[in-house]
Amino acid sequence: MATHRLKILEKEPVTYNVNRFRIEKPAGYQFTPGQATELSFLRSGWEEEKRPFSFTSLPSDDYLEFTIKSYESHQGVTKRLGEAQIGEEVEIGDPWGTISFKGEGVFIAGGAGITPFISIFRDLREKNEIGRSKLIFANNTNDDIILFEELKSILGHKFINIIAEQKDTAYDVGTIDKEYLKENVSTFENQYFYVCGPPKFMKKVTDSLGELGVNSSSLVLESL
Numbered sequence: 048m049a050t051h052r053l054k055i056l057e058k059e060p061v062t063y064n065v066n067r068f069r070i071e072k073p074a075g076y077q078f079t080p081g082q083a084t085e086l087s088f089l090r091s092g093w094e095e096e097k098r099p100f101s102f103t104s105l106p107s108d109d110y111l112e113f114t115i116k117s118y119e120s121h122q123g124v125t126k127r128l129g130e131a132q133i134g135e136e137v138e139i140g141d142p143w144g145t146i147s148f149k150g151e152g153v154f155i156a157g158g159a160g161i162t163p164f165i166s167i168f169r170d171l172r173e174k175n176e177i178g179r180s181k182l183i184f185a186n187n188t189n190d191d192i193i194l195f196e197e198l199k200s201i202l203g204h205k206f207i208n209i210i211a212e213q214k215d216t217a218y219d220v221g222t223i224d225k226e227y228l229k230e231n232v233s234t235f236e237n238q239y240f241y242v243c244g245p246p247k248f249m250k251k252v253t254d255s256l257g258e259l260g261v262n263s264s265s266l267v268l269e270s271l
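Sequential numbering from 48 applies to the sequence shown in this note's numbering.
What follows is the structure, encoded as structure tokens:
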């Protein structure tokens, strides 16, 4: 696998614990919206700590972008990246991943699980191919919603938010379960279901979709 040592060009906060990083793009580097790569932060002692992150830029952009949530309670790579400065270096490998756009459908994301969908939605907007696709996005609080304004501009009323831990939210309150899916999805046939999020979230959502009659061939998930 090829590796590339690249400088951080821009760092911008997206939420209170999420940053957008734009880094150099190697000549000829190509990926498909939805794919990821392994990235390590080239600060002393962290060079071998590789973690998977999804590209959130478009393949046509002249930079690579990652939208990364920093977990302050973990003394790990994401916390170090939250401290990173412009000009510091990261190392990435080849692109990989099985999440890609197969056709119109329902995208279901939990927290930072939105990241592989960002490039997909940006690409569909560029092509004017959003069509009937919709997004159901689960978070703990309003402040956790990543790129709310952009996703709203892309999807309009097809952008549904559900909040688990904030009672005064203007959005739906609770978690995504079988009943919630029945209320917010018009049909469970002849469309794809794209699901990404923490493991427990993934299991709950995919089990619920299975109970609602969704065939495994209609599920687009990351293969681990």
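We put the CB at the ideal spot given by N, CA and C, even for glycine.
With residue i as the anchor, note down where its alpha helix (DSSP H) starts and where it stops.
i: Thr114; result: Taken as a continuous stretch (DSSP letters only), Thr114 belongs to no alpha helix (DSSP H), being part of the beta strand (DSSP E) at Leu111 to Lys116.
i: Arg30; result: An answer regarding residue 30 cannot be provided, because it is not within the stretch 48 to 271 covered by the chain.
i: Ile201; result: Phe195 to Leu202
i: Glu230; result: Lys225 to Asn231
Which residue marks the beginning of the beta strand (DSSP E) containing residue i, and which one marks its end?
i: Arg172; result: Taken as a continuous stretch (DSSP letters only), Arg172 belongs to no beta strand (DSSP E), being part of the alpha helix (DSSP H) at Thr162 to Lys174.
i: Ser101; result: Arg98 to Ser101
i: Thr62; result: His51 to Thr62
Just tell me which of the options has its CA closest to the CA of residue i.
i: Ala301; options: Phe168, Glu230, Gly158 and Asn175; result: The structure shown does not extend to residue 301, since the chain is modelled only from 48 through 271, so no value can be given for it.
i: Tyr311; options: Gly178, Ser166, Asp191 and Ile55; result: Any question about residue 311 goes unanswered here, given that the chain covers just 48 to 271.
i: Lys181; options: Ala156, Leu268 and Lys205; result: Lys205
i: Gly123; options: Ile55, Leu256, Glu94 and Leu56; result: Glu94
i: Arg90; options: Gln238, Lys54, Glu236 and Gly244; result: Lys54
i: Pro356; options: Phe148, Gly140 and Gly129; result: The first residue shown for the chain is 48 and the last is 271, placing residue 356 beyond what the model contains.
i: Val220; options: Lys247, Phe184, Lys116 and Ser107; result: Phe184
i: Ser200; options: Asn175, Ile146, Lys247 and Phe88; result: Asn175
i: Leu259; options: Lys247, Phe240 and Pro246; result: Phe240
i: Arg127; options: Phe154, Cys243, Lys214 and Leu86; result: Leu86
i: Leu268; options: Glu236, Ile193 and Val153; result: Val153
i: Asp156; options: Thr103, Pro245, Gln238 and Ser104; result: What sits at residue 156 in the sequence shown is Ala, not Asp. Among Thr103, Pro245, Gln238 and Ser104, the Cα nearest to that of Ala156 belongs to Pro245.
i: Pro163; options: Glu151, Ile177, Trp143 and Gly178; result: Trp143
i: Ile167; options: Lys214, Ser263, Cys243 and Phe68; result: Cys243
i: Glu112; options: Arg69, Thr145, Ile146 and Ser147; result: Arg69
i: Thr234; options: Leu266, Val261 and Ile209; result: Val261
i: Tyr76; options: Thr62, Phe102 and Gly92; result: Phe102
i: Ser147; options: Thr62, Leu105, Gln213 and Glu71; result: Leu105
i: Thr84; options: Asp108, Thr145, Val61 and Gly92; result: Thr145
To which residues does DSSP link residue i through a beta bridge?
i: Pro246; result: Paired residue(s): none; Pro246 is not in a bridge.
i: Thr83; result: Per the sequence shown, residue 83 should be read as Ala rather than Thr. Partner(s): Ser101 and Trp143.
i: Ala185; result: Gly157 and Ile209
i: Glu138; result: Arg52 and Ser87
i: Ile43; result: A query on residue 43 cannot be resolved here, the shown segment of the chain reaching from 48 to 271 and no further.
i: Gly152; result: Tyr239
i: Leu266; result: Phe240
i: Asp219; result: Ile209
i: Val65; result: Thr62 and Lys116
Do residue j and residue i have their beta-carbon atoms positioned less than 8 Å apart in this structure?
i: Ile165; j: Thr114; result: yes
i: Asn64; j: Lys116; result: yes
i: Leu56; j: Tyr110; result: yes
i: Phe202; j: Ile177; result: Reading off the sequence shown, one finds Leu at residue 202, where the question assumed Phe. Yes, these two residues count as a Cβ contact at 8 Å.
i: Asp215; j: Ser255; result: no
i: Glu59; j: Arg52; result: no
i: Arg179; j: Glu151; result: yes
i: Ala131; j: Phe88; result: yes
Exercise. Take every Cβ of the region 225 to 232, pair it with every Cβ of the region 95 to 113, and state whether three or more of those distances are shorter than 8 Å.
Key: no
Practice problem: Evaluate the contact criterion for the region 166 to 173 versus the region 69 to 88: three or more CB pairs, one atom per stretch, below 8 Å. | Solution: yes
Quiz item: Should the region 124 to 136 be called in touch with the region 247 to 259, which here means at least 3 C-beta pairs below 8 Å?
Solution: no
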